[in-house]
Amino acid sequence: MKSLILPLTMLLGVGVVQAQTDTQPAQQDPVVEASPAEPMTADQQETEMSGNETPDGVEQSEQQQAPPTAKEKQEDSVFAYDDFGYGLGFGILYSGLGANVNVTKANDMKYASLGCLGHSSEGGLACGVGVGWIRTDLFDVDPFYADKHGVGIYVGAVGSEKSREPSRRFPDYDNEIVWGLAGSYHYFLNGIKNPGTNLGASFVIGNGNDDIEFGLLLQVGYQF
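And the structure:
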């Protein structure tokens, strides 16, 4: 009898322990609530933005502050090296038979010329100088011809005359330059900016020894 009571007591004890274990609520991990983020101050925002600059931004800033190169300075100057030129020929662009030096932009030429406008065995050469300005954007023409038709003004030597009429008593005389103004038309076969042949004509007015003189002077030359 005692041998049966002991095993029954052990079985009842195990069952009670198991029932208590099943009835205990399962433990849950504690939940941590996140607190709201505090707003950033203006100084903190500027610090963060300055710290997040990319290398590209730094490079762009350095490029903007970089000093201009010699070529850029040359292009920004009033007269660049490539704008200078010279020419040879006959006409108002060369003060007669002579040459010029010029500064030429896309539609604009300013020049100084030296040439001779008269010669004789007794009076010798009559040579002078002049300055002028030509524009090629004054005509409403096809773009292909826009830089070829030019209109100009000129001040300087426009002709020659004898210093006095020769006589038996004074057989010798000198050729003298007539100074005056001219309005001119020019056609540049390759454009005013490019080397090439040019043709033209000028209406001149000069102050002669006796009175005002008028004339027409043709032109043919080559600009280098």
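All letters in the sequence shown, in the order written, are residues -19 to -1, 1 to 205 by mature numbering (1 follows the signal peptide of the UniProt record, and there is no 0).
Every residue, glycine too, gets a C-beta built ideally from N, C-alpha and C.
Source: prediction; values computed, not measured.
Best match in the options for proximity to residue i [C-alpha to C-alpha]
i	options	result
N81	S102, G137 and L106	G137
L198	G99, D155 and A87	G99
V139	N171, G189, K86 and V122	G189
S165	Y126, L74 and G68	L74
D64	Y92, S76, D123 and F71	Y92
S76	G196, L95, T117 and G113	L95
R116	V122, G133, K174 and L69	G133
G187	D121, G111, D89 and G70	G111
Cα-Cα separation between residue i and residue j, rounded to whole angstroms
i	j	result
D192	P176	39 Å
E103	I158	15 Å
G131	K143	33 Å
E194	L78	20 Å
residue 214	Y135	Given that the chain is displayed from residue -19 to residue 205, the structure contains no residue 214 and the question cannot be resolved.
G109	L162	13 Å
N88	G70	21 Å
7 Å Cβ shell around residue i - same chain, five flanking residues per side excluded
i	result
S141	L98, G99, A107, N156, E157, I158 and V159
A7	Confidence in A7 is poor, its pLDDT being 47 and thus under 50, which makes the residue's placement too unreliable to answer from.
L180	Y168, Q200 and V201
G66	N83, T85, Q204 and F205
Residue-chain proximity (residue i, chain D), Cβ-Cβ < 8 Å
i	result
D89	Note that chain D does not occur in the displayed structure, where there is just one protein chain.
Cutoff 8 Å; reference residue i; Cβ partners in own chain excluding five residues on either side
i	result
G105	D155 and N156
6 Å Cβ shell around residue i - same chain, five flanking residues per side excluded
i	result
L170	G177 and T178
Nearest-angstrom Cβ-Cβ length linking residue i and residue j, presumed shorter than 8 Å
i	j	result
V185	G172	Not a contact, Cβ separation roughly 26 Å.
Inset, instruction - Taking only runs that begin and end inside the segment 101 to 149, name each unbroken alpha helix (DSSP H) of 4 or more residues, in chain order. - result: Fully contained in the segment 101 to 149 is no alpha helix (DSSP H) run of length 4 or more.
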